[in-house]
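Here is the structure we will look at.
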């Protein structure tokens, strides 16, 4: 009637029946699980900064800084501001600084600004105007770091006279024997240097 095995089974039963605490929301998720991206559609214009712990896909216009885990910028999208993300794929227009571990410039992109990256891929046909620099930790590195490392910042636009890139008319050479140091042609003054002897 009473056996040792039966007593052990009855002792274990109440312990197994104890309620298991419910998991905390988000605690059981793995950090690399991808969810659906947040989407800024083509007809949406955002004035302000965007911050997300997940993925963002932008097909509209954003005037502000963007920080996320992964960012995809569509062909018709336009971004004006700093971008910071682990993975960045750019197919549209970006004006501003880009900091990312993996940055891809697609053939349809138009980027004006500096890129700080760990890995950079540029497709044929991509437009990029700016500086790109490799970094072991581009996400946490300040965008002011290039100036601190000795790289001279771009000088501000001066208010002096504008210099035109228009072609200048050819200046005629003085005839041999003409010793005048100054030649005037159509209002322009050219100083002639004496020939080295």
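Residue numbers (the working numbering): 23 to 219. We treat Cβ as the ideally placed atom computed from N, Cα and C, and that holds for glycine.
Checklist entry - Can you tell me the Cα-Cα spacing of residue 136 and residue 121, whole angstroms? => result Counting from 1 along the chain shown, the entry for residue 136 is found at position 114. Counting from 1 along the chain shown, the entry for residue 121 is found at position 99. For residue 136 and residue 121, the distance between alpha carbons rounds to 8 Å.
Checklist entry - residue 82 and residue 63: beta carbons closer than 8 Å? => result On the chain shown, position 60 is the one that residue 82 refers to. On the chain shown, position 41 is the one that residue 63 refers to. Cβ atoms of residue 82 and residue 63: closer than 8 Å.
Checklist entry - In chain order, what residues of the same chain lie with their CB nearer than 6 Å to the CB of residue 61, ignoring the 5 residues before and after it? => result To locate residue 61, count along the chain shown from 1; it is residue 39. 79.
Checklist entry - Does the beta-carbon of residue 70 have 16 or more other beta-carbons within 10 angstroms, so that it is buried, or is it exposed? => result The residue you call residue 70 lines up with position 48 of the chain shown. Exposed is the call here.
Item to check | Minimum length 3: unbroken beta strand (DSSP E) runs contained in the segment 50-110 | outcome: 60-62, 67-69, 77-80, 83-85, 88-95 and 100-102
Item to check | Cut-off 7 Å between Cβ atoms - residues of its own chain near residue 144, not counting five sequence neighbours on either side | outcome: Indexing the chain shown from 1 puts residue 144 at position 122. Excluding sequence neighbours, residue 144 sits near 127 and 150.
Next on the checklist: For residue 67, tell me which candidate among 77, 100 and 96 has the shortest Cα-Cα distance.
Outcome noted: Residue mapping note: residue 67 aligns to position 45 of the chain shown, counting from 1. Selected option, being the one with the closest Cα: 100.
Next on the checklist: Using a 10 Å radius around the Cβ and a threshold of 16 neighbouring Cβ atoms, would you call residue 94 buried or exposed?
Outcome noted: In the chain shown, the residue the question calls residue 94 occupies position 72. Buried is the call here.
Checklist entry - Which first and last residues belong to the beta strand (DSSP E) in which residue 145 is found? => result The residue labelled residue 145 in the question sits at position 123 within the chain shown. Here residue 145 belongs to no beta strand (DSSP E), and DSSP marks it neither H nor E.
Checklist entry - If we call anything under 8 Å between Cβ atoms a contact, is residue 152 one with residue 134? => result Translated into positions along the chain shown, residue 152 becomes position 130. Translated into positions along the chain shown, residue 134 becomes position 112. Taking 8 Å as the Cβ cut-off, residue 152 and residue 134 qualify as a contacting pair.
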